[in-house]
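Each remark here refers to the structure printed beneath this line.
There are 2 protein chains.
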Amino acid sequence: MRRSPPADAMPVNYTPRQPEELLPVRGVALGTAAARIKNWSRDDLLLIALAAGSEAAGVFTRNRFCAAPVTVCREHLARRDSVRALVINAGNANAGTGAKGLADVHAICGAVGVALGCEAHQVLPFSTGVIMEPLPIERMLAAIPACRSKLGADRWDAAARAIMTTDTVPKAASRRVRAGGVDLTMSGVAKGSGMIAPNLATLLAFVATDAPLSRPLLDELTPEIAAQSFNRITVDGDTSTNDSFVLAATHGAAVPPIERRDDPRLAPVRDALTEIAVELAQAIVRDGEGATKFITLVVEGGRDAAECDRVARSIAHSPLVKTAFFASDPNLGRILSAIGNAGADLDPLRVSFWLDEVLVVVDGGRASSYREEDGKRVMAKSEIAVRVALGRGEARATLWTCDLSHGYVSINADYRS
Amino acid sequence: MRRSPPADAMPVNYTPRQPEELLPVRGVALGTAAARIKNWSRDDLLLIALAAGSEAAGVFTRNRFCAAPVTVCREHLARRDSVRALVINAGNANAGTGAKGLADVHAICGAVGVALGCEAHQVLPFSTGVIMEPLPIERMLAAIPACRSKLGADRWDAAARAIMTTDTVPKAASRRVRAGGVDLTMSGVAKGSGMIAPNLATLLAFVATDAPLSRPLLDELTPEIAAQSFNRITVDGDTSTNDSFVLAATHGAAVPPIERRDDPRLAPVRDALTEIAVELAQAIVRDGEGATKFITLVVEGGRDAAECDRVARSIAHSPLVKTAFFASDPNLGRILSAIGNAGADLDPLRVSFWLDEVLVVVDGGRASSYREEDGKRVMAKSEIAVRVALGRGEARATLWTCDLSHGYVSINADYRS
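So the protein lines, in turn, are chains P and R. Our numbering applies: residue 5 is where the first sequence begins, and numbers increase by one. Our numbering applies: residue 5 is where the second sequence begins, and numbers increase by one.
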C-alpha cells in the first residue's frame, strides 16, 4: 500500500543544511535506530537525551482526536518536573488507538526511563505516521537500547532523517548567539509536509538550547514562537492528531539562569529560537506535498489580526487559488472570490491586492494599470507574494503556503502516510 | 488559455434527462443564442420568459464580492413586482467588474425589457464564468433578439446546455403532481461543477412551476428548499461570487392561488419542487470537477444541526479524505482526524462511524470487528455513504460531496473557468 513520494519530488528553493552546519547543543545527545515500524530499512526511532535539570515546554494539536502520545506528553509536562528525554517514532501515529495506544506510550516512556536512568514521566513521547494502526510495540521497545548506544551530540542530521514520513528532505537548523558575554547555541529538527494547517499539523518540531531558560519563560516563549512560525503555515488545511512543537533548555551553558523577560540576554536568544522555528516552518511548506510554488500571503489593513488571518487562510485553502498557482495562471478573480469568502464583513470596494509589486485590484475591481502579461510574469515564479489591503484598520497577518498540484493528489492517493 | 475538460470526464452515475422527459411549464418559454462570450460556437445566452403575473424568489451567494448581476437581482426582487424574465450568460461571471459591470447588467435588463415588452426591473440577470473580465456587452445585446425569436416551451434541454461552463453534461429535471384535482408541472435547470460549497457556489439553478404560489410563499419556500438541496452539497469548499437559485411561479394553472401553508395543495407541490432541487444538486456533485465517487455524509447524534453540519463539512473539505476516496484507500484515520478538526467540543470516546454498513470506529477507536478487506470493498464503490454518530444528542445533517482526483487539478490548472 505504501509507496514512496514521486522520485522527482523536491522542495521549493530549500536545500537541507549540511550535517556540519548543525551545531551540538551542550546537554543534548541524539540517537536513532531502525525499529522497522513500517517496511522501511532506515532508522525510524529517535531518542533525544537531555542533561539532568533540563526544562521543556510544548504546544500541541487542537484536533479532538489527539493521539495517545500527545495526551501523555501533556500529562508529563503538567508534572513540571525536569524533562530528560524525547522519544519519537515515524511510520505510525498511534492515534485512534484507544486504551492500547495509551498503554503502549507508557511502556515506551518506561523503557526510555530504564535506558537513561530517569522517571518515565520525565520522557516526552511523539509519533507520526498512519492513524488507527496499533504500534509494533515489541520492535520499538527492542530498538530503544540501540538508540541509547548511538547517542551523540553531533547527530542532528540523523535525527532529522529518522522522523521523516512523506518529507522529501530532512529539516534541521542551528543558530549561535552571543549573550551576556557567552556563546549560546540552539538547534532543532522538524518533519511534516502534509496535513499542515490552522493550528499546527502532522508537524513535529523539537528545538533545544543550552541557554538556561527557566520553565516559566519556556512556557511563555513556546506559544509565542509557534504563533510566529509553525502556526503561520498551511499546506492543505488539515490539522493532524499529532502536532507537537517542543522547546527544551538544557541549562548546559554555565551561566546564571534566564528567568525574567527583562533579562538583556533574552532578546538575542528568543530571536535566534524564532529564526530556527521560522526556517523549519518554511522548510515544511517548501517541502509541502507536491508543492511547486512557495507563496507568502500578507493581509493588512484589517480591524484585527484574527480578521487578517481569516482572509489569508481563505486564500491559502481555496483549491481554486492553489491550482491557479500550480498552473502559473493569473486567474486572479479566484483570489478576489476567496477574499470575499473569508467570512469577514468586508467592504469589497475598499479591497486592493498585489502580486509581488504588481497592483491587480484596487477599490474592489481590476486596476486600470493591470496587464495580464505582468500577472503571468509573477505567477511563473517559484516564490510569489500576495499582499491584500482590506482598508479598514491597522492589523496585519502573514501566512506561508504552497500550491496544489498533481503531485499532492499522487502522494495522498498512493501513499498511506 | 481555455481548454475543454478532459475528454474522458463523465459524471458519477448520472445520465442527463432526455429532452422529452423535460416537461413544458405553462407560462414559461425558453430561448438560447450564441453571443460568443468566449471562443465557443455553442449557445451561451439563455432567456427565460415568464407569463404576465409570474412571481419569483431567490437565494444568493454570501460571498462579499458578489457579482454585479447578483446585486441587481436582489434589487429587482426587492421591488416585489411581477417577474417577467430571467437572462443568463455562461463564460463570464461579471464579478469584480465595478461600475462597468453594473452598467452592463442594467443594459442587458433594459434590452430584455424592450424585447419582451416589460420593465427592466422585471428582468432577473445571472452570469457564470471567469471573474474580473468585462462582459462583451455589444455581442450580448445583439444576441437577445435571437434568444427571443427562438422562445419555446419545450426548450428546457437547450436551456440547460446554454448555461454550462465546466459541466460535462446538462442538468435538468421535471415533475408533475396532481393537487387539488389538477395537474401541476415544474421543471428546472442548473449548472455547476466546481466552486461548489458552503452556501451555494458557482451554482445557478432555476426552477419554474405553473402552480400558483404566492410571492410570500415563494419567499419562504426558496430558502427552505435550498437548505435541503443546493446547500447540502460541496465539491471543493469554494463559494462563488455568482451563486443563485431562483424559484418562479407562473400561475399558468387556472386554479385559485396557493397562499397559505395549510393549503392541502402545497405539500405535493413543495415535495416535487424539493425533489427537483435535490436531483439537480446531486447532479452537480456527480458532475463535480474530476469526481469519480459520489459520497453521502450523514452525521447524527449531535447537539444541534449546526454541529452535525460542521463535522460533515470538515470531512467533505479535507483534501486528505478526498484523495483517499479517489484512491479507494480505506485510510480511515483521515476521516477520524477530520471529525476531530471540526471545531466541535466532541468527546472522541463517544464517536462511531460506518462506511456503508461496515462499522469502522466505535467509542473513538477502531472497531474490533473491522477488517481492512471490508473497508476496501466499500471504498472501491462509486457511491459511498459515511455515517458518523457523535453520541451526544438527537440532531443530524446530510451532505453530498465527491472525491479529489487528478481530474480536479487538471481542470482547474488548465481551464480558466
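The C-beta atom is built at its ideal place from N, Cα and C for all residues, glycine as well. All values reported here derive from a predicted model rather than from experimental measurement.
Taking each of R:Ser341, R:Ala384, R:Ile319 in turn and checking the Cα distance to R:Leu403, the smallest one comes out for R:Ile319. Assignment of beta-bridge partners to P:Gly35 by DSSP yields P:Leu51.
Take R:Pro140, set aside five residues on each side of it, and the residues of its chain with a beta-carbon closer than 8 Å to its own are Ala39, Arg40, Ile41, Asn96, in chain order. Here P:Leu27 carries a coil assignment [DSSP, helix/strand/coil]. For R:Lys175, the uninterrupted beta strand (DSSP E) run begins and ends at 175-183, by DSSP. For P:Met168, no chain R residue has a C-beta closer than 7 Å to its own C-beta; the minimum C-beta separation is roughly 18 Å. Taking CB atoms only, R:Arg370 has a neighbour in chain P less than 9 Å away.
The DSSP assignment places complete beta strand (DSSP E) segments of no fewer than 3 residues inside the segment 374-420 of chain R at 387-393, 399-406, in order along the chain.
Taken in chain order, the unbroken stretches of alpha helix (DSSP H) that lie wholly in the segment 229-301 of chain P and span 4 residues or more are 270-290. The beta strand (DSSP E) runs lying completely inside the segment 339-379 of chain P and spanning 3 residues or more are 356-359, 362-366, given in chain order. Think of a sphere of 9 Å around the beta carbon of P:Pro260: no beta carbon from chain R falls inside it, the nearest being about 43 Å out.
Three or more Cβ pairs closer than 8 Å define a contact, and the segment 173-189 of chain P meets that threshold against the segment 13-25 of chain P. Within the DSSP secondary-structure output, P:Gly156 pairs in a beta bridge with P:Leu34. Under the 8 Å Cβ criterion, the segment 311-318 of chain P does not count as touching the segment 389-408 of chain R, having fewer than three qualifying pairs.
Taking a Cβ-Cβ cut-off of 9 Å, R:Ser386 has no neighbours in chain P, whose nearest Cβ is about 16 Å from it. Leaving aside the five residues that flank P:Leu26 on each side, the residues in its chain whose CB is nearer than 7 Å to its CB run, in chain order, Trp160, Asp161, Ala176, Ser178, Ser191. With 16 or more other Cβ atoms inside 10 Å of its own Cβ, R:Ala115 counts as buried.
Shown here, R:Ser45 sits in coil according to DSSP, grouped into three states, outside any helix or strand. By the neighbour-count definition (other C-beta atoms within 10 Å, threshold 16), P:Asp158 is an exposed residue.
The contact set of R:Phe64 on chain P, defined by CB atoms closer than 7 Å, is empty, because the minimum CB distance reaches about 13 Å. Judged by DSSP in its simplified three-state form, R:Gly121 adopts coil rather than helix or strand. With respect to chain P, the C-beta atom of R:Glu137 has a partner C-beta closer than 9 Å.
Residues of the same chain with a CB within less than 7 Å of the CB of P:Ala183, apart from the 5 flanking positions on each side, are Arg269, Pro272, Val273 in chain order. Annotated as distal: R:Asp214 and R:Val87, with beta-carbon spacing of 9 Å or more.
Sequence-distant Cβ neighbours of R:His255 in its own chain, meaning closer than 6 Å and more than five residues away, are Gly57, Pro216.
For P:Ala230, same chain residues with a beta-carbon under 6 Å away, outside a window of 5 residues either side, are Val63, Phe249 in chain order. In terms of Cβ geometry, P:Cys151 and P:Leu50 form a close pair [threshold 9 Å].
The beta-carbon of P:Ser248 is placed no less than 9 Å from the nearest beta-carbon of chain R. A residue is called buried once 16 or more other Cβ atoms fall within 10 Å of its Cβ, and R:Asp308, having fewer, is exposed. A direct Cα-Cα distance of roughly 20 Å separates R:Gly294 from P:Glu293.
In terms of beta-carbon proximity, R:Gly337 lines the interface with chain P, with at least one pair separated by less than 9 Å. DSSP places R:Ile319 inside the alpha helix (DSSP H), whose first and last residues are 309-321. The beta carbons of P:Ile135 and R:Arg338 sit closer together than 9 Å.
For R:His410, the chain P residues whose Cβ falls inside 9 Å of its Cβ are His410, Val413, Ser414, Ala417, in order along the chain. When secondary structure is reduced to three states using DSSP, P:Asp187 falls in the strand class. The Cβ-Cβ distance between R:Thr65 and R:Asn246 falls below 9 Å.
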